[in-house]
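Written out below as structure tokens is the structure these notes cover.
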Amino acid sequence: MDKSKNTLHFGFIGFGLIGGSIAHSLRHLYPSSHIIAYNYYGTKPHPKLEMAKNEGVLSETSTSLTDFSACDVIFLCAPVLANEKYLEMLAPYISKECIITDVGSVKGNIHKKAEELGLKYNFIGGHPMTGSEKTGYDNSDASYLKGAYYILTPSGNNPEEHIKWMADFVKASGSYCEIMDYKEHDLVTAAISHCPHVISASLVNLVAAHDKDGMYKKLAAGGFKDITRISSSSPEMWQNICLTNPECISSLLDGYINILTDIKKAITTDDGSTVMEFFKNAKKYRDSL
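Each residue of the sequence shown is one higher than the one before, counting from 173 in the working numbering.
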């Protein structure tokens, strides 16, 4: 990428909380840049995209992916399964030196798709580890990137200057840049993000099944709300994540089920020392975070 160009062109496929927050940051860092977003509604105006145009974050919207041929960097910010499809749809139109990145929580599938399409030179996986239970562009803000880890997973065929540009952008946006192999990324995120969402949803569904008269909901206090806050996130997004990282999630859930089985046995057999160690070990590690 030629950073000496007066105007850099950025493209977005998907423009919700994360895509919008990245666009806010780009507009601040590159005020003269041209930022285009894809309107998958076709000729019907998308209210959130129109809002972004009115706020000056977007330069234009388009219903044709051919308009992304001028982009220097394209951010895929749709759900992870949709990102794979858009990567394939974009392949005929991107310029030779275009960087394509994504923001998905799973990297394995899209890296494999990039290899199938001959796009290893262009594709650099990305995962800003930030967000909120809130969704949509109207909740987006550049501040979501500040102080967060933003993981990059190069393909192995990327030019060094492309990786450097991405890393520089991540740091300039206020995030901490971490570069790792995509397979390692998927195992780590399964443990610290994907499984917690499954566990949170399981707990919510357990309580909901018992809450026949609304009393559980009425009395739910800080502890329950804290541990289940993430269950207000997008169901579509988490369905996509589970379906694209099944091996890592299943393996870790097996380990979690074994831990639950062991602590259940300790509780039912009045094994106080094991119960104490269970909570002490958890407290020690949690306090170190």
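The C-beta atom is built at its ideal place from N, Cα and C for all residues, glycine as well.
If the criterion is Cβ atoms closer than 8 angstroms, does the pair residue i and residue j meet it?
i: T416; j: V275; result: no
i: D353; j: C420; result: no
i: I246; j: G346; result: no
i: Y258; j: I351; result: no
i: T233; j: G214; result: no
i: I282; j: G297; result: yes
i: I323; j: M301; result: yes
i: A362; j: L424; result: yes
i: A438; j: F450; result: yes
i: S241; j: Y265; result: yes
i: K343; j: C349; result: yes
i: G188; j: C249; result: yes
Could you check which residue in the options has the C-alpha nearest to that of residue i?
i: C243; options: Y322, Y210, L324; result: Y210
i: I431; options: D442, P418, T446, I351; result: T446
i: T238; options: I208, M352, L425; result: I208
i: D156; options: L375, S422, M301; result: There is no way to answer for residue 156, as the model of the chain reaches only from 173 to 461.
i: N453; options: I435, E333, D442; result: I435
i: S365; options: M387, I413, D340, L259; result: I413
i: E333; options: L461, A250, C270, A254; result: C270
i: N377; options: S404, A393, M301, V360; result: S404
i: R199; options: Y212, P217, K216, T179; result: T179
i: K292; options: P331, M261, S422, Y321; result: P331
i: F341; options: H181, F187, S197; result: S197
i: S406; options: A373, Y428, E260, A224; result: A373
Between which two residues does the beta strand (DSSP E) holding residue i run?
i: F450; result: Unbroken run through F450 is the alpha helix (DSSP H), 444-459; no beta strand (DSSP E).
i: L180; result: Premise fails: L180 is in no beta strand (DSSP E) and is neither H nor E.
i: F247; result: 245-248
| task | Starting from the N-terminal side, write out each stretch of the beta strand (DSSP E) that is 3 residues or longer and does not extend beyond the region 330-370. | result | 348-351
| message | Any contact between the region 321-336 and the region 365-374? By contact I mean 3 or more CB pairs, one from each, below 8 angstroms. | response | no
| query | Is the region 305-320 touching the region 284-297 in the sense that three or more CB pairs, one from each, lie closer than 8 angstroms? | reply | no
| request: Could I get the ranges of all uninterrupted alpha helix (DSSP H) runs contained in the region 254-320, with 4 residues as the minimum, in chain order? | output: 280-288
| field | In chain order, each alpha helix (DSSP H) run of at least 4 residues that lies wholly inside the region 359-441 | value | 367-382, 387-391, 394-400, 407-416, 418-440
| Validate contact between the region 188-198 and the region 297-310 using beta carbons, cut 8 angstroms, 3 pairs | Contact holds between the region 188-198 and the region 297-310, because three or more Cβ pairs, one in each stretch, are under 8 angstroms apart.
| message | Which complete beta strand (DSSP E) runs does the region 200-236 hold, if anything under 3 residues is left out? | response | 206-210, 232-234
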